[in-house]
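Under mature numbering (1 follows the signal peptide of the UniProt record, and there is no 0), read the sequence shown as residues -23 to -1, 1 to 306, first letter to last.
Note that CB positions come from ideal geometry on N, CA and C, so glycine has one too.
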Amino acid sequence: MKKMIIFALIMAISVATPIQAMAESVTQSDVEMQPSEQNIEQIIDEITSEPHPINSDTIQNVKEYIIQYWGDLGYDEIECQKFEYNDENNENAIRRSSQVDVFLAPTAENATIDGTGENIIVTKKSSTDMTKNLIISAHYDSAEDSVGANDNGSGVAAVLELARILKDTEMPYNVKFILFSGEEKYMLGSRWYVGNLSEDERKQIIGVINIDTIAEKSDLGYMAMIEGNKRPDDIEYDDEGLKKLAELNKNSMSDLFTSSDRFYLTMATNSDHYPFALVDIPAVSIVQDWQDGLNVNDSSDVKENMDMQRIVEVIEKVTEVLSEIPSNN
């Protein structure tokens, strides 16, 4: 996750309900339905032994681990979505981010290929509504000089553990678990993914919950990052104006998180929710509050600086949110 926040402000109130609310029609035991710190820590150990930026040999090892993990859970619809990129074209697209079609097409025809990335997708199909999709995502690449324990091993561990917990839970919509590559190159993977969706495919997405950098030791809560295009000409960019701006741009996904006083609303463009927001798909990134600073993108981002209970806390909140999303959304 890039250290570039646009706006930050506060919202919230309520108390989280237990994860068992999702399990009424499930035959799994309560223990199996709970997040496992042991599983989480093992995932972190496996995927953060060395830096694994996009287009590296080491990220291939992480990819293979993720595919094996999902396969061992019994998921059989695993897709690896490969994309090529050109660094100059990517930089040009970033500079022209206000032009959505350009921003979502970071590679151009006939350009030199500077590298490749792969998004990894597994689909948990609903037996009641096969037309609607909810996306739960994280990025699995690290910065070049970091093993990426928190950024974003924590998000990957949360997504993999959610896939385990929800494996045999009947859902009223399809759930797509997506691990994006290239977030550290300004969201290459998610931009490519959204840019290649048809209009009908975009309409079938009821929301996106992205998890990014949640587990450095801290007593602070979490940001629910959103983005939107509602910016009145008369807005004052002071604290009150920024609160108003976030209120104007909140969406159905962010509302479900900010009902808890551990999550507050923030406008930002620096995680994988952003490409979805640009095409009006309700999207939120859950990121830990960094007002005290974070050890990311360098050698200080290691497991020893993490609190696995924070990953458990986010997983529990996500499962609560899933139980509150209307099936006819």
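Shown here, A82 sits in coil according to DSSP, grouped into three states, outside any helix or strand.
If only uninterrupted alpha helix (DSSP H) runs of at least 4 residues are considered, those enclosed by the region 130 to 187 are 132 to 143, 165 to 172 and 176 to 180. If you keep only unbroken alpha helix (DSSP H) runs of at least 4 residues inside the region 241 to 292, you get 251 to 255. Sixteen is the threshold: since fewer than 16 other Cβ atoms of the shown chains lie within 10 Å of the Cβ of E301, the residue is exposed. The region 58 to 69 makes contact with the region 86 to 96: 3 or more CB pairs, one atom from each, lie closer than 8 Å.
Going by DSSP, Y46 is part of no beta strand (DSSP E) but of the alpha helix (DSSP H) stretching over D34 to L50.
By the neighbour-count definition (other C-beta atoms within 10 Å, threshold 16), E193 is a buried residue. Burial check for Y214: the Cβ neighbour count within 10 Å stays below 16, so the residue is exposed.
If you draw a straight line from the Cα of G132 to the Cα of K294, it is about 14 Å long. Only buried fits P30, as 16 or more other CB atoms lie within 10 angstroms of its CB. Inclusion of N66 and K109 in the CB contact set at 8 Å is not warranted, their separation being larger than that value.
Residue nearest to I112 within the set N127, K220, L139 and E176 is L139 (criterion: CA-CA distance).
The secondary-structure analysis by DSSP pairs I112 across a beta bridge with K153 and V185. Closest option to D118, judged by alpha-carbon separation, among T84, P83 and Q37: Q37. Excluding the 5 residues flanking it on each side, Y163 has same chain C-beta neighbours closer than 6 Å at I71, in chain order. Ranking L143, S158 and S103 by CA distance to the CA of G130 puts S158 first. The shortest C-alpha to C-alpha distance from I188 to any of L219, N272 and D128 is the one to D128.
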